[in-house]
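In what follows, a single structure is set out as structure tokens and then discussed.
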Amino acid sequence: MMTTDALLLDTEHRLFTERFDAFAPEARLWRPGPEQWNANDVMEHLVRVEEGLIVGLERQIAAGEGRRDVGVPSPEALEAVRRFLRSGGRTRVPARATAHITPQGDDPCEVRERWDRLPSRWREALGSVPEALADVGLLLHPRAGAITARGAALFATDHRAHHAAQLKRLQEAEGFPGG
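Going by this note's numbering, the sequence shown opens with residue 381, and the numbers climb by one from there.
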């Protein structure tokens, strides 16, 4: 199930990785201003968000009929989030999600290893979703509300593209090392 979504995730994973790898190791530490993220922070954020989505899916699928009811998915709400992510707009992380997805300064080598494992973890998680749950809300997104497994994959795809654009802005920012 959801092979197309896994392919989209793989493509965005590759594109983000290429953008990230274009940074010299020391440039990954550069911040355009106080309390702004550097390239390592961006990757850590993506890893934290996606690991949370995957673990949530795994728990919901493993729970079977005892899974948590997160509500009815709203395709319109998810589409609004996806449009925003692709618009180039900026926003703050919702307060209720901050503790789980804000970079904590994890070791960049360990974060990269976790990043590199994400494609196989996504394929496994998406492949485990029974057809009967394809349209069921399995996860609760802070802005879109209940989302399906496919909705989680589509969000992650657009979220990666959103942060690949952030890496591009970092490279183009005044004061960027080697820029």
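Built from N, CA and C at the ideal position, the CB exists for glycine as well.
What is the DSSP secondary structure of residue i, counted as helix, strand or coil?
{"i": "residue 533", "result": "helix"}
{"i": "residue 526", "result": "strand"}
{"i": "residue 381", "result": "With a pLDDT of 49 at residue 381, under the threshold of 50, the predicted position of this residue should be treated as unreliable, and no value is reported."}
{"i": "residue 465", "result": "helix"}
{"i": "residue 395", "result": "helix"}
{"i": "residue 520", "result": "strand"}
{"i": "residue 491", "result": "helix"}
{"i": "residue 482", "result": "coil"}
{"i": "residue 500", "result": "helix"}
{"i": "residue 449", "result": "coil"}
{"i": "residue 386", "result": "helix"}
{"i": "residue 400", "result": "helix"}
{"i": "residue 406", "result": "coil"}
Taking a contact to mean a Cβ-Cβ separation below 7 Å, would you say residue i touches residue j in this structure?
{"i": "residue 393", "j": "residue 465", "result": "no"}
{"i": "residue 417", "j": "residue 557", "result": "no"}
{"i": "residue 482", "j": "residue 389", "result": "no"}
{"i": "residue 545", "j": "residue 485", "result": "no"}
{"i": "residue 520", "j": "residue 450", "result": "yes"}
{"i": "residue 543", "j": "residue 422", "result": "yes"}
{"i": "residue 516", "j": "residue 427", "result": "no"}
Roughly how far, in whole angstroms, is the beta-carbon of residue i from the beta-carbon of residue j, given that I think they are within contact range, below 8 Å?
{"i": "residue 529", "j": "residue 506", "result": "6 Å"}
{"i": "residue 412", "j": "residue 553", "result": "4 Å"}
{"i": "residue 488", "j": "residue 549", "result": "Their Cβ separation, rounded to whole angstroms, is 20 Å, which puts residue 488 and residue 549 out of contact at 8 Å."}
For the stretch 516-531 and the stretch 399-418, state whether three or more C-beta atom pairs, one from each stretch, are separated by less than 8 Å.
Contact fails: fewer than three Cβ-Cβ distances are below 8 Å.
Do the stretch 470-484 and the stretch 493-503 make contact, defined as three or more Cβ pairs closer than 8 Å?
Result no; under three Cβ-Cβ pairs closer than 8 Å.
On the three-pair Cβ rule with 8 Å, is the stretch 419-437 touching the stretch 531-547?
Yes: the two stretches touch, three or more of their Cβ pairs being nearer than 8 Å.
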